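Following: one structure in structure tokens, then a few remarks.
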Ligand code: CP3
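In this note's numbering, the protein residues as written are 11 to 373.
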């Protein structure tokens, strides 16, 4: 699938190392030149695909995350169909929290729902540390995928402490994150105790994935954009930094992503990312000035643009590739996840267009 690595190595005058570490995706994360701008989509494995809806028809979400063969098949579906440059492990950010002993479910159309929200010191004590044995199905799924995928990289992921804390404290999805903020501002000691526990769970979960062979990791702090930069730096960044620093020796790129984070891009990069994910609100050239020259960027097509006629999509893809040239490395992606109503054929066309427009001569 990614035969392009040969051309890259030849042009750079290196011996071909091959494998996912030499793929266009990993090279862009490392700010190294490659044969084209790599592209993948957050939530590429999911409800936009009929083959996904079919295979998930009678299996609840959390259960599907715990069946390695099913995880492998769902993870590979978008790679086969779209020819994306990377796969992302099919799982969910609450999978490790459930493994840590918190009773929760993922309700279709709603998201994670926690049976007993976490709001006191005694509640925080209910979050147990996790190790490989608690998420052996993830270890197994990653190993199956890596064996199957050859040169195509697999991205591992986890939720960052703030976003996980929001689900645990609110008990489910929230627009305002009011209860989370009330705890954060009202009892900073308890807040930090909660985030310390979650950071350990997150780091352990990512370690299992790295040890099993993922080629990159993405730390999702989807809801961090709800905070001011000052509050982000005070209440959140130290915990995300702990997770990212804990992977510094892993040798894989660390992507850090959130939504509505225009004011936080610099601080999120400083948390220890190699690549900063950017939503559609900030052009990539502006984002790269905020993030600095030592990090790649990932993004940032508005997922809703994919619902517009093709000429609109094409113009947006061209603009994003142009803006991305200001960055020292660019991984093309959406600004947030694929919407379920997206026509998968449009996704396939976007992949081909990104590859075509960004192809660099290899001779
Ligand atoms: O393709 C991929 O990106 C990999 C799979 C993936 C899922 N969840 C599968 C999933 C990833 C990376 C996630 C991460 C995740 N989960 C995040 C961070 C990314 C983001 O979107 O900001 C968050 C906030 C969650 C929590 C969560 N889980 C939500 C908000 C939902 C959607 C609820 C709904 O039904 O609208 C889920 C459920 C979920 N996770 C689905 C999938 C494919 C849909 C469940 C289904 O198909 O039945």
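Glycine included, C-beta positions come from ideal geometry on N, C-alpha and C.
A quick note: this is a predicted structure, and the numbers were derived from the prediction, not measured.
#### Entry: Residue closest to residue 193, alpha-carbon to alpha-carbon, out of 252, 210, 129 and 158
Mapped onto the chain shown, residue 193 falls at position 183. Nearest to residue 193 by alpha-carbon distance, out of 252, 210, 129 and 158, is 129.
### Cα-Cα separation between residue 304 and residue 297, rounded to whole angstroms
What you label residue 304 is simply residue 294 of the chain shown in a count that begins at 1. What you label residue 297 is simply residue 287 of the chain shown in a count that begins at 1. Each residue's alpha carbon lies about 13 Å from the other.
### Message
For residue 153 and residue 218, I'd like the C-alpha separation in whole angstroms.
### Response
Taking the chain shown and counting its residues from 1, one reaches residue 153 at position 143. Taking the chain shown and counting its residues from 1, one reaches residue 218 at position 208. Going by the C-alpha atoms only, they are around 11 Å apart.
### Query
Helix, strand or coil: which one does DSSP assign to residue 349?
As a position in the chain shown, residue 349 is number 339, starting the count at 1. Looking at residue 349 - three-state DSSP - the assignment turns out to be coil, as it is neither helix nor strand.
### Task
Pick helix, strand or coil for residue 228, following the three-state DSSP scheme.
For the purposes of this step, residue 228 is taken as the residue at position 218 of the chain shown. Three-state result, residue 228: strand.
### Message
Just to confirm before moving on: does the CB-CB distance between residue 322 and residue 308 stay below 8 Å?
### Response
As a working mapping, residue 322 is identified with position 312 in the chain shown. As a working mapping, residue 308 is identified with position 298 in the chain shown. Cβ distance not < 8 Å, so residue 322 and residue 308 don't count as in contact.
### Query
With C-beta atoms as the reference, is residue 294 less than 8 Å away from residue 340?
One-based indexing of the chain shown puts residue 294 at position 284. One-based indexing of the chain shown puts residue 340 at position 330. By the CB criterion at 8 Å, residue 294 and residue 340 fall inside the cutoff.
### Reference residue 327, options 58, 365 and 306, closest by Cα
By 1-based counting over the chain shown, the position of residue 327 is 317. Nearest C-alpha to residue 327: 365.
### Query
Among the residues of its own chain, which have a CB less than 8 Å from the CB of residue 203, if the five just before and after it don't count?
Here the question's residue 203 lines up with position 193 in the chain shown. 131 and 134, listed in sequence order.
### Message
Out of 99, 207 and 226, which one is the CA nearest neighbour of residue 112?
### Response
For the purposes of this step, residue 112 is taken as residue 102 along the chain shown, with counting starting at 1. For the options 99, 207 and 226, the alpha carbon positioned closest to that of residue 112 is the one of 207.
### Whole-angstrom distance between residue 228 and residue 371, CA atom to CA atom
The residue you call residue 371 lines up with position 361 of the chain shown. The residue you call residue 228 lines up with position 218 of the chain shown. Between residue 371 and residue 228, the C-alpha separation is close to 30 Å.
### Message
Going by beta-carbon coordinates alone, are residue 300 and residue 275 separated by less than 8 Å?
### Response
Counting from 1 along the chain shown, the entry for residue 300 is found at position 290. Counting from 1 along the chain shown, the entry for residue 275 is found at position 265. Result yes, Cβ atoms of residue 300 and residue 275 sit closer than 8 Å.
### Query
From this set, 72, 225 and 189, which residue's C-alpha is nearest residue 34's C-alpha?
Your numbering for residue 34 matches position 24 in the chain shown. Comparing Cα positions, the closest option is 225.
#### Entry: Collapsed DSSP secondary structure at residue 166 in the structure displayed
On the chain shown, position 156 is the one that residue 166 refers to. Strand.
### Message
Using CA atoms only, rank isn't needed, just tell me which of 51, 83 and 235 is closest to residue 66.
### Response
What you label residue 66 is simply residue 56 of the chain shown in a count that begins at 1. Ranking 51, 83 and 235 by Cα distance to residue 66 puts 83 first.
### Query
Taking the alpha-carbon positions, what's the residue 205 to residue 178 distance?
As a working note, residue 205 is residue 195 in the chain shown. As a working note, residue 178 is residue 168 in the chain shown. Going from the Cα of residue 205 to the Cα of residue 178 covers about 11 Å.
### Task
Given a cut-off of 8 Å, decide if residue 104 and residue 383 are closer than it, judged by their beta-carbon atoms.
With the chain covering 11 to 373 only, the question about residue 383 has no answer from this structure.
### Query
Using the C-alpha atoms, what's the distance from residue 241 back to residue 53?
As a position in the chain shown, residue 53 is number 43, starting the count at 1. As a position in the chain shown, residue 241 is number 231, starting the count at 1. In a straight line, the C-alpha of residue 53 is about 29 Å away from that of residue 241.
### Query
Of the residues 171, 231 and 51, which one's Cα is nearest the Cα of residue 88?
Looking up residue 88 in the chain shown gives position 78. Out of 171, 231 and 51, 51 has the C-alpha closest to the C-alpha of residue 88.
### Query
Just the Cα atoms here: how many angstroms apart are residue 212 and residue 221?
As a first step, residue 212 is located in the chain shown; it is residue number 202 there, counting from the start. As a first step, residue 221 is located in the chain shown; it is residue number 211 there, counting from the start. Rounded to whole angstroms, the gap between the alpha carbons of residue 212 and residue 221 is 14 Å.
#### Entry: Backbone CA spacing between residue 28 and residue 44 [nearest angstrom]
Here residue 28 corresponds to residue number 18 of the chain shown, with the count starting at 1. Here residue 44 corresponds to residue number 34 of the chain shown, with the count starting at 1. One C-alpha to the other measures close to 13 Å.
### Task
Please confirm whether any heavy atom of the ligand CP3 lies closer than 7 Å to the CB of residue 95.
Locating residue 95 in the chain shown gives position 85, counting from the first residue. Flag unset: Cβ of residue 95 not near the ligand CP3.
### Task
Could you tell me the boundaries of the alpha helix (DSSP H) in which residue 363 lies?
Taking the chain shown and counting its residues from 1, the one referred to as residue 363 is at position 353. Here the alpha helix (DSSP H) through residue 363 covers 354-368.
### Query
In chain order, which continuous runs of the beta strand (DSSP E) of length 3 or greater are located wholly inside the segment 282-328?
Correct list: 285-287 and 306-311.
### Query
Shortest alpha-carbon distance to residue 57 belongs to which of 90, 49, 46 and 71?
Taking the chain shown and counting its residues from 1, the one referred to as residue 57 is at position 47. The shortest C-alpha separation from residue 57 is found at 71.
### Query
Do the CB positions of residue 313 and residue 91 come within less than 8 Å of each other?
Taking the chain shown and counting its residues from 1, one reaches residue 313 at position 303. Taking the chain shown and counting its residues from 1, one reaches residue 91 at position 81. Cβ distance not < 8 Å, so residue 313 and residue 91 don't count as in contact.
### 6 Å CB neighbourhood of residue 169 in its chain, flanking five on each side removed
The residue labelled residue 169 in the question sits at position 159 within the chain shown. Around residue 169: 103 and 230.
### Query
How would you label residue 166, buried or exposed, when you count the other beta carbons within 10 angstroms and need 16 or more for buried?
The residue labelled residue 166 in the question sits at position 156 within the chain shown. Residue 166 is buried by the Cβ-count criterion.
#### Entry: Pick from 330, 232, 36 and 186 that is closest to residue 292, judged by C-alpha positions
Here residue 292 refers to the residue found at position 282 of the chain shown. Checking every option, the nearest Cα to that of residue 292 belongs to 330.
#### Entry: Euclidean distance between Cα positions of residue 358 and residue 247
The residue labelled residue 358 in the question sits at position 348 within the chain shown. The residue labelled residue 247 in the question sits at position 237 within the chain shown. For residue 358 and residue 247, the distance between alpha carbons rounds to 36 Å.
### Task
Quick one: residues in its chain with C-beta nearer than 6 Å to the C-beta of residue 238, no 5 flanking neighbours on either side, listed in chain order?
The residue given as residue 238 occupies position 228 in the chain shown. Counting only Cβ-Cβ distances below 6 Å, and skipping sequence neighbours, we find nothing.
### Query
By a C-beta neighbour count over all protein chains shown, 10 Å radius and 16 as the cutoff for buried, is residue 37 buried or exposed?
Walking along the chain shown from the start, residue 37 turns up at place 27. By the 10 Å Cβ count, residue 37 comes out buried.
### Query
Near residue 41, which residues of its chain fall below 6 Å by C-beta distance, leaving aside the five closest residues on each side in sequence?
Here residue 41 corresponds to residue number 31 of the chain shown, with the count starting at 1. For residue 41, where only same-chain residues beyond five positions count, the Cβ hits under 6 Å are 306, 338 and 339.
### Task
Determine the extent of the beta strand (DSSP E) in which residue 3 is found, giving its start and end residues.
Within the shown structure, residues of the chain are numbered from 11 to 373, placing residue 3 beyond reach of any answer.
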